[in-house]
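Student: Right, I'll just put the structure down here and ask away after.
Numbering (the numbering used here), first residue to last: 171 to 455.
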């Protein structure tokens with residue numbers, strides 16, 4: 171397992187200096203990566219996908235616990251170095267490791283068996299879109315544990331009525347049951363970030379949201395509701411529905427007060443609104 175000195179030495183050999191632009195903050199504490207793997211409840215039969223493995227400290231810990239690990243890395247230097255690191259540090263498990271050198275937002279398929287778990291220290295600047303994209307594209311992922319900025323962790327895990335409940339909260343809830351799974355201090359990273367981090371656990375819903383609306387239709391309602399979160403839903407959804415009267419009609423049909431606000435609604439309620447979107451007459455040709 172990597173320690174702080176190992177991480178810095180490897181970075182020096184590779185000529186790597188973590189950059190804010192890429193959201194790079196490398197975990198340098200072995201106990202922290204073990205805690206992440208333990209909290210993620212990684213099993214011996216799991217196929218884990220890791221996004222942003224960096225120098226490989228979490229990757230090594232995952233390889234110890236899982237059947238296979240596939241790492242997705244966008245950085246050219248880090249991607250080139252990681253297989254050699256695995257071979258040198260854990261040769262007996264090297265054949266259980268695969269690397270995908272790509273932007274996670276562009277990855278549509280992974281080598282080997284379908285992933286069952288996602289575990290990652292996500293770059294702060296792209297954490298939410300990467301998480302939602304991976305959950306959407308790889309429905310076999312049953313369990314996820316991500317380390318993100320504490321503020322983002324709070325938003326992802328927030329429930330209706332919480333002041334930080336918003337678009338990430340609802341969209342994550344479309345896929346998973348979400349909860350906060352711990353806090354991470356700044357001193358376990360190199361370089362130390364200016365913010366605290368948090369762990370978020372996401373377990374795939376046993377039953378999908380019951381709705382006749384598509385995910386895209388539901389997410390359109392969510393985006394509209396929170397684009398003007400201080401307004402009532404009657405006003406906030408007027409553009410989506412074609413008019414304030416149309417929005418009111420959809421809300422009443424869904425059993426929701428037109429005076430309610432998005433921050434008070436569950437994902438199921440957003441889905442009911444989507445189901446009741448007014449149908450506009452097509453203009454005569």
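Beta carbons are placed, not taken as given, at the ideal position from N, Cα and C, and that holds for glycine.
No experiment lies behind these values; they were computed from the predicted model shown.
#1: Determine the direct distance from the alpha carbon of residue 212 to that of residue 232, and round the result to whole angstroms.
#2: Three or more C-beta pairs closer than 8 Å, one from the segment 428-435 and one from the segment 396-406: is that the case here?
#3: Can you list the alpha helix (DSSP H) stretches of 4 or more residues lying completely in the segment 266-350, in chain order?
#4: Taking three-plus beta-carbon pairs below 8 Å as touching, is the segment 369-385 in contact with the segment 407-416?
#5: Is it the case that the segment 234-250 contacts the segment 206-226, given that we only count it when at least three CB pairs across the two stretches are under 8 Å?
#6: Output the distance between the C-alpha atoms of residue 251 and residue 270, rounded to the nearest integer angstrom.
#7: According to DSSP, simplified to helix, strand and coil, what is residue 444?
#8: Are the beta-carbon atoms of residue 284 and residue 373 separated by less than 8 Å?
#9: Return the Cβ separation of residue 327 and residue 350 in integer angstroms, given the expectation that the two are a contact with Cβ distance under 8 Å.
#10: I believe residue 320 touches residue 282 by the beta-carbon criterion, under 8 Å. Please report the beta-carbon distance rounded to the nearest angstrom.
#11: Within 10 angstroms of the Cβ of residue 331, are there 16 or more other Cβ atoms? Answer buried if so, exposed if not.
#12: Just the Cα atoms here: how many angstroms apart are residue 455 and residue 449?
#13: Could you work out which residue in 440, 361, 279 is closest to residue 306 when comparing CA atoms only?
Tutor: By the coordinates alone:
#1: 8 Å
#2: yes
#3: 297-307, 320-327, 337-345
#4: no
#5: yes
#6: 12 Å
#7: helix
#8: no
#9: 5 Å
#10: Contact doesn't hold; Cβ gap of about 33 Å is too wide.
#11: exposed
#12: In this predicted model, residue 455 has a pLDDT of only 37, less than 50, meaning its place in the structure is not dependable enough to derive any value.
#13: 279
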